[in-house]
Structures are given as structure tokens and as C-alpha cells.
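According to our numbering, numbering within the sequence shown proceeds without interruption in unit steps and concludes at 658.
Glycine included, each C-beta is placed from N, C-alpha and C at the ideal position.
Worksheet: the structure to be examined is printed underneath.
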Amino acid sequence: MFTCRLLWWRSSATCKPWQSGRILPRVWERCQPPSRKGINTTTGQGQQVSAQEKQVLEDLEMSVARRETETLFQEQPQTGNPYLEDALLRSYLKTHLPPKVLEEVNQDLERFGNRLLIKIKPLGWECELNPPVFRQYDAWGRRVDHIVTCSAWRRMKEIAAEEGLIAEAYERRYSNWSRLHQAVKLYLFSSFSGGFNCPLAMTDGAAKVIESLGTPGSLKNAFDHLTSRDPKKFWTSGQWMTERRGGSDVANGTETVARKQPDGTYRLYGFKWFTSAADSDVTLTLARVADAEGQVKQGSSGLSLFFLKVRDEEGKLNSIQVQRLKDKLGTRQMATAELWLDGAKAELISAEGRGVASISNMLNITRIHNVIAAVASMRRMISLSREYARRRVAFGKLLKDHPLHMQTIARMEVQTRGAFLLLMEIVRLLGLVEINMASDQDQLLLRLLIPVTKLYTGKQASAVVVEAMESFGGQGYMEDTGLPVIVRDTLVLSIWEGTTNILSLDVLRSLTKSQGQVMAVFFSTVQNKLELASSIAKLEPAVKQMQDAISSLAQFTQAAGSKGTVTMELAARDFSYTLARIYAGTLLIEHAARPDASSTDISTARRWCKQELCPVATELENSTYEAEEALADSALVYEGSPACGSRL
Numbered sequence: 011m012f013t014c015r016l017l018w019w020r021s022s023a024t025c026k027p028w029q030s031g032r033i034l035p036r037v038w039e040r041c042q043p044p045s046r047k048g049i050n051t052t053t054g055q056g057q058q059v060s061a062q063e064k065q066v067l068e069d070l071e072m073s074v075a076r077r078e079t080e081t082l083f084q085e086q087p088q089t090g091n092p093y094l095e096d097a098l099l100r101s102y103l104k105t106h107l108p109p110k111v112l113e114e115v116n117q118d119l120e121r122f123g124n125r126l127l128i129k130i131k132p133l134g135w136e137c138e139l140n141p142p143v144f145r146q147y148d149a150w151g152r153r154v155d156h157i158v159t160c161s162a163w164r165r166m167k168e169i170a171a172e173e174g175l176i177a178e179a180y181e182r183r184y185s186n187w188s189r190l191h192q193a194v195k196l197y198l199f200s201s202f203s204g205g206f207n208c209p210l211a212m213t214d215g216a217a218k219v220i221e222s223l224g225t226p227g228s229l230k231n232a233f234d235h236l237t238s239r240d241p242k243k244f245w246t247s248g249q250w251m252t253e254r255r256g257g258s259d260v261a262n263g264t265e266t267v268a269r270k271q272p273d274g275t276y277r278l279y280g281f282k283w284f285t286s287a288a289d290s291d292v293t294l295t296l297a298r299v300a301d302a303e304g305q306v307k308q309g310s311s312g313l314s315l316f317f318l319k320v321r322d323e324e325g326k327l328n329s330i331q332v333q334r335l336k337d338k339l340g341t342r343q344m345a346t347a348e349l350w351l352d353g354a355k356a357e358l359i360s361a362e363g364r365g366v367a368s369i370s371n372m373l374n375i376t377r378i379h380n381v382i383a384a385v386a387s388m389r390r391m392i393s394l395s396r397e398y399a400r401r402r403v404a405f406g407k408l409l410k411d412h413p414l415h416m417q418t419i420a421r422m423e424v425q426t427r428g429a430f431l432l433l434m435e436i437v438r439l440l441g442l443v444e445i446n447m448a449s450d451q452d453q454l455l456l457r458l459l460i461p462v463t464k465l466y467t468g469k470q471a472s473a474v475v476v477e478a479m480e481s482f483g484g485q486g487y488m489e490d491t492g493l494p495v496i497v498r499d500t501l502v503l504s505i506w507e508g509t510t511n512i513l514s515l516d517v518l519r520s521l522t523k524s525q526g527q528v529m530a531v532f533f534s535t536v537q538n539k540l541e542l543a544s545s546i547a548k549l550e551p552a553v554k555q556m557q558d559a560i561s562s563l564a565q566f567t568q569a570a571g572s573k574g575t576v577t578m579e580l581a582a583r584d585f586s587y588t589l590a591r592i593y594a595g596t597l598l599i600e601h602a603a604r605p606d607a608s609s610t611d612i613s614t615a616r617r618w619c620k621q622e623l624c625p626v627a628t629e630l631e632n633s634t635y636e637a638e639e640a641l642a643d644s645a646l647v648y649e650g651s652p653a654c655g656s657r658l
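Structure follows, in C-alpha cells:
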């Protein structure tokens with residue numbers, strides 16, 4: 011710090027002694043940080059400092075004091091209305107929404123963008139600074155298990171209701187475009203929400219499950235609360251699935267038992283290991299129904315789905331004990347807890363033994379919300395990064411004038427645009443499904459694209475936000491900039507709602523259950539979209555690269571079919587990445603083929619298609635998916651391990 015300040019002194023009137031070369035070497039050799047009373051002029055060995063040198067250092071000290079209030083600090087990046095600054099979002103809506111819908115949605119989003127910037131953003135930061143606190147006992151020793159949240163968190167709940175962040179999707183004001191309108195608002199909200207996007211994901215999922223069950227009379231009241239625009243009536247929901255023995259493996263990891271009561275309700279007994287948004291009003295959860303002898307059926311066919319209120323009419327916990335709050339890397343704004351269910355009163359809402367099938371609608375919705383959060387975090391970090399590049403001077407010029415720096419941001423932008431169009435595609439398809447306008451092909455495609463998009467954008471987001479943090483230099487690592495918060499909260503997105511490998515295997519299940527039909531739909535959809543762009547000269551290279559990738563993928567699917575299940579399992583991850591890259595690239599090409607497409611749209615499509623589009627074919631050529639390779643993988647991982655090495 012001190013040596014940097016010496017450079018500023020050059021502009022002072024006393025710089026002539028330095029220019030002579032007589033004083034400069036001796037002063038630099040003796041430079042030390044300023045002491046509490048000023049600059050230490052000790053030279054060591056008892057030597058005396060000349061009067062001239064003392065004057066130089068006194069002038070330097072005065073210059074330092076002045077400069078500390080002038081140019082020492084870097085400028086903070088300031089972004090504007092997130093809707094108005096998102097060119098891709100606005101061009102997408104203009105392309106796809108009917109004119110009347112576009113007019114109304116555009117007005118709503120511009121208004122909401124201003125509210126985000128002025129009102130919601132400060133609340134989000136307050137949620138980060140004031141995470142929930144668990145108070146297990148009151149002052150008199152009574153157990154209360156109270157999770158204390160800050161006022162900003164509670165205000166976020168009210169805003170979510172006022173803005174219809176759940177209601178919008180179920181009111182269907184814009185028919186099949188209602189779901190897309192909701193998703194865009196959540197996308198804009200996510201990075202400013204202070205973590206409240208997570209309870210909204212589960213609330214949306216719970217509403218979807220209830221709707222899919224036909225909104226039975228006993229759940230009509232709950233559905234109305236979950237989809238209300240009235241802050242006083244609005245409920246949020248949890249999703250209590252994870253138990254001590256497993257996360258995604260609910261079939262073998264669920265131990266909670268449900269005992270039927272004379273009045274037809276059930277009492278739940280078990281331990282929920284990881285419950286996000288533990289301060290929610292209601293929840294859906296899985297349990298095994300005990301028969302008259304107290305026995306339960308194991309496996310997924312033994313699981314049933316239950317609805318329960320977290321508290322009774324008096325505000326007391328519904329025979330639930332809070333064990334502790336989780337100490338997480340990120341999403342600290344939200345209460346995640348371990349809970350004992352000690353006879354919690356619940357309602358069976360699925361057919362007995364059909365819990366996994368019934369909750370699948372919730373998983374689809376929460377996975378889409380996961381994608382929303384991933385794309386939103388990428389967009390937010392890039393917005394900050396590009397704004398910082400306009401302000402930060404390094405090596406004599408703004409960061410935006412350094413070609414390498416701009417290349418780095420541009421590469422992140424390409425990834426974010428591909429992810430955004432994947433998000434819009436699955437939301438568009440969901441909107442069609444929800445009002446019974448979807449064809450069989452649309453439904454098959456949606457079933458495939460949800461896990462593909464969730465797993466791919468989760469990995470994309472982690473890479474992009476870390477790269478973007480680096481673009482700020484040391485400032486990116488400082489907590490009070492808010493940038494580490496975004497990074498921490500993003501890293502969970504490859505884990506929540508199914509890890510990359512779990513979802514890759516789910517992609518394979520979609521192929522098996524459809525007997526290969528889903529791949530036929532995938533290929534035909536991609537080819538139809540590319541056909542529209544094939545006549546545009548500037549897109550010819552991208553179309554050619556995409557056609558080559560599709561051909562390689564087709565060859566892989568034919569070859570892999572004869573190699574057995576081990577090959578497909580080993581290839582599942584690369585196969586899913588291939589599907590994501592090909593489909594995202596096709597969407598980018600389609601967007602760039604619009605009559606009013608910009609040069610940026612065309613450049614993005616071309617850049618995307620220059621990457622490895624079909625990694626699964628490359629790895630197949632390298633024999634990566636052979637059974638022998640699986641054994642070699644285990645040997646490599648466990649070499650030298652005393653616990654496992656002897657078995658390999």
C-alpha cells in the first residue's frame with residue numbers, strides 16, 4: 011500500500027529531488043508502512059535523515075492523506091432495471107408472446123423491475139445479514155422450538171403474494187403463456203430475493219400436486235392459500251423428503267411411518283434430515299403406511315404422499331420437534347432444519363403406495379425453479395461484471411478495453427444465453443401441458459428436457475459465477491460486495507432436486523419408459539428448427555456443425571444399444587450434456603434466424619456451435635464406456651486405500 015502511494019507523490023511540487031536520482035534509491039530502500047503518528051523515517055544503524063529527505067517524506071505524507079479521500083477506492087458497479095437491461099429476455103418475449111399479452115406483460119415486468127431495484131434488493135441483503143435463529147427454549151425453560159426469521163424475510167413473503175409469483179401460473183390469465191409470465195417474474199426476482207425463491211419453488215410444487223390430484227375438497231382451502239395474492243392469506247409449503255438414510259434414494263431411505271387414526275387422519279412418526287424452508291405453513295411429505303400389525307411395505311411401492319400443517323390453529327407445532335438448523339455453505343437466509351415427527355397429524359392425499367408417482371409433479375416444478383435460479387445467478391453476475399468493466403481502470407485503461415477480459419465475459423454470456431433459451435423452452439412446453447394444448451410429442455420432449463436442463467444449467471451456473479467473481483479481482487472475494495453470496499447460493503443448484511448423476515440416470519429412464527420414442531421426438535424437433543435457419547448464410551457454419559453433432563449422436567444411440575446397460579450408465583452424464591448442448595444450440599440458431607435478429611444473436615449461435623457438441627460420441631470412440639473402464643475407474647479412485655484396495 012505504501013509503495014503505491016509513493017507513485018502519487020510524483021505530481022507534487024517537491025518531486026525534483028526524486029528526479030535527480032540521488033534521493034530516490036535511498037528512500038525506496040528504507041520505505042516502511044506509516045506508523046501511527048506518521049511515516050517512520052528510521053534509517054537503521056543510527057543514521058540521521060537529511061533535512062531535505064525529511065521534507066520529501068512530510069510532503070509525501072500530506073499527499074497520502076489527500077489521496078485517501080480521492081482515488082483510493084474502486085467504483086461500485088451499478089445496474090439498472092433488470093428487465094430493461096436484459097436484451098435477450100425482451101427479444102424472446104417480443105418474438106413469442108401474442109401482441110396483447112406482450113403489451114400487458116411488458117408493462118408488468120418493467121414495473122416489477124423498478125420495484126426489484128428500489129424495494130426488494132435492500133430486503134434481500136437484509137435477509138443475508140440476518141439469517142434465521144433457532145430458539146429451542148423460552149426464558150422459563152419451556153420448549154418452544156421457535157425459528158426466528160427477520161422482518162425482511164417476512165416481507166418477502168408478502169411481496170411474493172402481492173406480485174402473484176405463485177398465483178400467476180394458476181390463474182391462467184394468459185392461457186398457455188401464464189406459466190411463462192410467472193417464470194420470467196421469478197427469474198427477475200431470484201437474485202434479489204434473499205433466498206426466498208426456494209420456499210416459492212416448493213410452494214409452486216405443492217400447488218401443482220394438489221391441482222394434479224383434481225383439487226379434492228379437503229385440499230381446496232390449502233390450494234387457495236398457496237395460490238393467493240393476499241399477503242394475509244398466502245401460505246408457503248415445504249417438501250420434506252430427505253431422511254437420514256438417503257437423499258434422492260427415497261425408495262430405500264424413507265423410514266417415516268404413518269399410522270391411521272379412527273377419524274381417518276394419520277399420525278406420522280420419523281426423522282426428516284433436511285427440510286428446507288422449515289418456517290413454512292404446510293408441507294408435503296412421504297411416509298410408509300403401517301398395517302394393523304404395525305408392518306410397513308418397503309421400496310417405492312410402500313410410499314404414500316401426505317399433506318400436513320406445520321402448526322395448529324393455536325400456533326403450536328403439530329407434534330413436531332426441531333432438532334437443529336443446518337449450518338450450510340450457502341442459502342443461509344433460509345431456515346433448513348432437522349425435524350422429528352412425533353405423531354404429526356397428516357392427511358393422506360395420494361393412493362396408498364403411489365406417493366412417488368404423485369409427488370413427481372412437484373419434482374418437475376422444483377427442478378424448473380432450480381433452472382430459473384441457475385440462469386438468474388448467471389445473468390446477475392454477468393450484469394455486474396460487465397458494468398464493472400465500464401468503470402474499473404487497470405493498466406492505464408478500462409477493463410472493457412482489454413480484449414482478453416471482454417472475451418472472457420463474452421464466453422460467459424454465450425453460456426448464459428443458451429441456458430436462458432433452454433429455460434424458456436421447458437416453461438413454454440409446460441404452459442401447453444397445463445391447459446391441455448400439448449401434443450404427445452410435446453409431453454415426451456418436456457419429460458426429457460426437464461432433467462437435461464436442470465443438470466446442465468446447474469453445472470453451467472457454478473462455472474459461470476466463479477469465473478465472473480474472478481473478473482472483479484480481489485473485490486470478488488470480499489463478503490461485503492455481495493458477490494460471494496451469489497457464488498455460495500449458486501453452488502447448491504447442482505445438488506438440489508437431484509445431483510448431476512442422479513438426473514443423468516433419470517434421462518436414461520425417460521428413454522426406457524418411452525421405448526425410444528423420446529429420442530425420435532428429440533431428433534425430429536431439432537431438425538425442424540434447423541430447417542428454418544438453413545437458408546441464412548451467416549448461420550450456415552452453425553447449422554453444419556449442429557447437423558454433424560446430430561449425426562454423431564444418432565450413431566452413438568445405435569451403437570450403444572448393442573453394448574448393454576453398463577455402457578449406457580457410464581455414458582449417461584456425457585449423453586445428457588450432449589442433449590443439452592445440441593438442443594440449446596438449436597434454440598440459439600432458431601432465435602438468430604428471426605427476421606429482426608441482431609448481429610449478437612447470430613454471433614452467439616455461431617460461438618455456441620464451436621464447442622464440443624457431442625462429447626458422448628468422442629468418449630465412445632475412446633472406449634470410455636467399456637466395462638473394463640469401470641473397473642479401472644474404481645482401481646484409480648481407491649488405489650492405496652486400506653479399506654477398499656484389497657478388494658480390487
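Cβ-Cβ distance between residue i and residue j below 9 Å
i	j	result
Y593	E435	yes
E4	T275	Residue 4 lies beyond the stretch modelled for the chain, which goes from 11 to 658, so this question has no answer here.
Y184	A217	no
E477	T418	yes
Q333	F284	no
F316	A268	yes
C208	M344	yes
H601	S101	yes
Y648	T577	no
Q537	L454	no
A627	S562	yes
A570	F533	no
Q663	E397	Residue 663 lies beyond the residue range present for the chain, which begins at 11 and ends at 658; the question has no answer from this structure.
T426	V385	yes
S258	I460	no
V320	D291	yes
L549	I505	no
Per DSSP, the bridge partner or partners of residue i
i	result
F284	T252
W350	F281, Q331
V267	Y279, R298
T293	G248, L318
A356	Y276
A404	K407
Cutoff 9 Å: residue i Cβ touching any chain C Cβ
i	result
R396	The structure shown contains no chain C, having only a single protein chain.
Supposed contact pair residue j and residue i - C-beta distance, whole angstroms, cut 8 Å
i	j	result
C624	G595	About 11 Å; that fails the 8 Å criterion.
A640	L597	That pair is no contact at about 34 Å.
Q84	R402	6 Å
T266	L351	6 Å
V260	L318	Going by Cβ atoms, the distance from V260 to L318 rounds to 17 Å, so no, they are not a contact pair.
L440	V381	About 11 Å; that fails the 8 Å criterion.
A354	L278	5 Å
E629	D584	5 Å
Residue interval of the beta strand (DSSP E) (run including residue i)
i	result
I157	153-158
F144	143-147
K243	Segment: none, K243 is in no beta strand (DSSP E) and carries neither H nor E.
K319	313-319
The alpha helix (DSSP H) enclosing residue i, as first and last residue numbers
i	result
T376	365-401
K539	527-543
K230	227-236
D118	109-125
M578	575-602
P209	207-222
L133	131-139
I612	609-618
G304	Taken as a continuous stretch (DSSP letters only), G304 belongs to no alpha helix (DSSP H), as it is neither H nor E.
Three or more C-beta pairs below 8 Å linking the stretch 581-590 and the stretch 452-470: Touching, per the Cβ criterion.
Three-pair Cβ contact test at 8 Å for the stretch 515-531 versus the stretch 207-227: Three or more Cβ pairs closer than 8 Å define a contact, and the stretch 515-531 falls short of that threshold against the stretch 207-227.
Three or more C-beta pairs below 8 Å linking the stretch 383-393 and the stretch 487-502: Result yes; three or more Cβ-Cβ pairs closer than 8 Å.
Stretch-stretch touch, CB-based, cutoff 8 Å, three pairs: the stretch 203-217 with the stretch 244-253: The stretch 203-217 vs the stretch 244-253: in contact.
Three CB pairs or more closer than 8 Å across the stretch 164-174 and the stretch 92-110: Contact between the stretch 164-174 and the stretch 92-110 is absent: fewer than 3 CB-CB pairs across the two stretches fall below 8 Å.
Validate contact between the stretch 599-618 and the stretch 542-558 using beta carbons, cut 8 Å, 3 pairs: As far as the Cβ criterion goes, the stretch 599-618 touches the stretch 542-558, which means the pair count is three or higher.
Inter-stretch contact (C-beta, 8 Å, three-pair minimum) for the stretch 153-163 and the stretch 234-242: Contact between the stretch 153-163 and the stretch 234-242 is not established, with fewer than three Cβ pairs separated by less than 8 Å.
contact_flag[the stretch 253-266, the stretch 296-313] where n(CB pairs < 8 Å) is 3 or more: Below 8 Å, enough C-beta pairs join the stretch 253-266 and the stretch 296-313 to call them touching: three or more.
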